[in-house]
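So the sequences go chain by chain: A and B.
Residues are numbered in our numbering as their position in the first sequence, beginning at 1, plus a constant of 428.
Residues are numbered in our numbering as their position in the second sequence, beginning at 1, plus a constant of 662.
Below you'll find the structure, written out as structure tokens, and then a few comments.
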Amino acid sequence: MKLPAPRGPISTELFEGMRHAPGPFPPGVGKLVAARARSDEDARTCEDVQISLFVCYGMHYGTFDDVDERWEWQPSLLEIRAGLEEVFERDFTKDLQITAPVPAADIPTYLMELTSPAHTSTLPRFIHHTATLEQFRELVIHRSIDNLHEGDAHTWAIPRVSGRAKSALVEIQADEYGGGMPGRMHAELYAYLMEELDLEPGYGAYIEQIPAIALAIHNLKSFFGLHRRWRGALLGNLAVTEIGSSITNRKYSEALARVGASDRARWFYDEHITADAVHEQLAAHDMCGAFAHDHPEETVRVMIGAAATLDIRGMFANTATHAWADNVSSLRVPTPV
Amino acid sequence: MSETTPPVEITVYENGPLIVRGPYTLQNSDRTEIDPGRKTIALCRCGLSALKPLCDGNHALRPSPRTAN
């Protein structure tokens, strides 16, 4: 994909600079980031911060055709990214009710309770019973930026963990990539879903319509994945993605059947019903449980990763379901900056 | 089975399914094979799965053991 349109002053300067060979940014950019750090506006819903982070992280995935790939490790870009991550971290940790780490042995139960159906968002229920085909297509667009890269950020955890946790992680990841069978990677199943719903499956095709809070779901994963010190949070993020997922995916699959979508469209969700029934056990007990046992000092990071992920997903769910309750589109309407 | 072939391994998860790994065969009572579509599988042991014998995560819909009577 090409660089997206900027959404505020920071992304305007950043993207303009990235159209040229790697080098320093004008000093004004650092000042803009410093000013952003003094603002109280929630970075999770800030279009300028999230699109900027998306582009910074995109360099590590190879997302952009029109940017010199040497920008990936360009110190000036890394410095800007660090400033943006500071406000992102401030805001994704600010509402967490984590006062003390639970004992390592209680981590599986903690994760299961955090994700129990009683606590899950209204989104799966709305999609299951009420969503129109058009609203389902909006959901697929929102989630495309993350699901077309399914598994990738979590792969960054593999070299950073060891023992039982690593075996469990690799077993989960092998499934995410289709067990080695071409055409069966979960990201590919998502592309089939998009095709069946007459959507363009090319990565980033809908970037301008995807709001900050949907980008934040993906950016959080990339943030955890690119910082070794956040490896526990990356595992927590993966765990709450897997736990309870079978039930949600069945609702989505049944919703697609209700609105008349094909079996090929439902494949992505159907695959997750049985896959995630295995993954949730591995993720909670063998991966996070073993990691917490081996690194009790990092247990709190697992908890932060899990809780921050659920917070952002909950904010996304509220935004989408409120828009649909008002009978308006949940997609972003691009505005010139 | 040679000494180098790993055994079938069945792990019981608390309030969850049985996870089965290794060279197992999953079959119906008439010995027709069930293709689970993956190597490692979860077998339902709560009876609530809509995809029995495979687990579909429905055990989470039961009342929590901590709050159940």
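We put the CB at the ideal spot given by N, CA and C, even for glycine.
Computed from a prediction, not measured in an experiment: that's the story for all the values here.
Among the candidates the options, whose CA atom is the shortest distance from the CA of residue i?
i	options	result
Cys706 (chain B)	B:Arg693, B:Thr666, B:Thr673	B:Thr673
Thr537 (chain A)	A:Leu710, A:Ser650, A:Ile740	A:Leu710
Ala528 (chain A)	A:Glu578, A:Pro724, A:Val765	A:Pro724
Leu512 (chain A)	A:Glu475, A:Thr558, A:Ala465	A:Ala465
Asn665 (chain A)	A:Glu562, A:Ser544, A:Ala581, A:Gly591	A:Ala581
Ala585 (chain A)	A:Val765, A:Ile600, A:Pro450, A:Leu662	A:Leu662
Gly688 (chain A)	A:Thr543, A:Glu562, A:Asp496	A:Glu562
Thr747 (chain A)	A:Thr669, A:Thr727, A:Ile671, A:Ile641	A:Ile641
Pro685 (chain B)	B:Glu695, B:Pro669, B:Ile696	B:Pro669
Gln502 (chain A)	A:Asp493, A:Gly445, A:Glu541, A:Val530	A:Gly445
His721 (chain A)	A:Glu682, A:Ala533, A:Glu500	A:Ala533
Ala544 (chain A)	A:Leu506, A:Thr669, A:Ser757, A:Asn755	Here the sequence assigns Ser to residue 544 (chain A), which means Ala is not the residue at that position. Among A:Leu506, A:Thr669, A:Ser757, A:Asn755, the Cα nearest to that of Ser544 (chain A) is on A:Thr669.
Gly611 (chain A)	A:His557, A:Trp695, A:Ser504, A:Trp752	A:Trp695
Glu682 (chain A)	B:Ala712, B:Glu676, B:Pro698, B:Cys717	B:Ala712
Glu676 (chain B)	B:Arg693, B:Lys714, B:Ala704	B:Ala704
Confirm, please, whether the CB-CB distance from residue j to residue i is below 7 Å.
i	j	result
Ile438 (chain A)	Leu460 (chain A)	yes
Gly717 (chain A)	Ile535 (chain A)	yes
Gly660 (chain A)	Val730 (chain A)	yes
Leu759 (chain A)	Gln637 (chain A)	yes
Ala667 (chain A)	Ala712 (chain A)	yes
Leu576 (chain A)	Tyr620 (chain A)	no
Tyr634 (chain A)	Ile569 (chain A)	yes
Glu624 (chain A)	Ala693 (chain A)	yes
Leu688 (chain B)	Ile681 (chain B)	no
Leu539 (chain A)	Ile671 (chain A)	yes
Pro432 (chain A)	Val765 (chain A)	no
Gly719 (chain B)	Ser674 (chain A)	yes
Arg472 (chain A)	Ala644 (chain A)	yes
Arg553 (chain A)	Asp714 (chain A)	no
Glu604 (chain A)	Gly579 (chain A)	yes
Val457 (chain A)	Glu475 (chain A)	no
Buried or exposed, going by whether 16 or more other CB atoms sit within 10 Å of the CB of residue i?
i	result
Val477 (chain A)	buried
Leu597 (chain A)	buried
Trp658 (chain A)	buried
Asp470 (chain A)	buried
Thr676 (chain A)	buried
Met609 (chain A)	exposed
Gly678 (chain B)	buried
Leu723 (chain B)	exposed
Arg447 (chain A)	exposed
His614 (chain A)	buried
His750 (chain A)	exposed
His721 (chain B)	buried
Ser650 (chain A)	buried
Asn731 (chain B)	Low local confidence applies: a pLDDT of 34 at Asn731 (chain B) is under 50, so the model's placement there is unreliable, with the coordinate-based value given in what follows. The residue in question, Asn731 (chain B), is exposed, as its Cβ has fewer than 16 Cβ neighbours within 10 Å.
Thr491 (chain A)	buried
Glu708 (chain A)	buried
Ser572 (chain A)	buried
Pro639 (chain A)	buried
Asp519 (chain A)	buried
Pull up the CB-CB distance for residue i and residue j, whole angstroms please, since I reckon it's below 8 Å.
i	j	result
Ala735 (chain A)	Leu524 (chain A)	5 Å
Leu654 (chain A)	Tyr485 (chain A)	7 Å
Lys413 (chain A)	Ile555 (chain A)	It is not possible to answer for residue 413 (chain A), since the shown part of chain A is limited to 429 through 765.
Cys702 (chain B)	Val706 (chain A)	For the sequence presented, residue 702 (chain B) should be read as Thr rather than Cys. Confirmed, about 6 Å.
His646 (chain A)	Asp704 (chain A)	The pair is not a contact, with the Cβ atoms about 19 Å apart (cut-off 8 Å).
Val530 (chain A)	Thr727 (chain A)	7 Å
Met487 (chain A)	Glu500 (chain A)	4 Å
Answer yes if the region 629 to 637 of chain A comes into contact with the region 687 to 701 of chain A, meaning at least three C-beta pairs across the two stretches below 8 Å, and no otherwise. Contact between the region 687 to 701 of chain A and the region 629 to 637 of chain A is not established, with fewer than three Cβ pairs separated by less than 8 Å.
Contact between the region 737 to 757 of chain A and the region 449 to 456 of chain A (3+ Cβ pairs under 8 Å): At 8 Å Cβ cutoff, the stretches do not touch.
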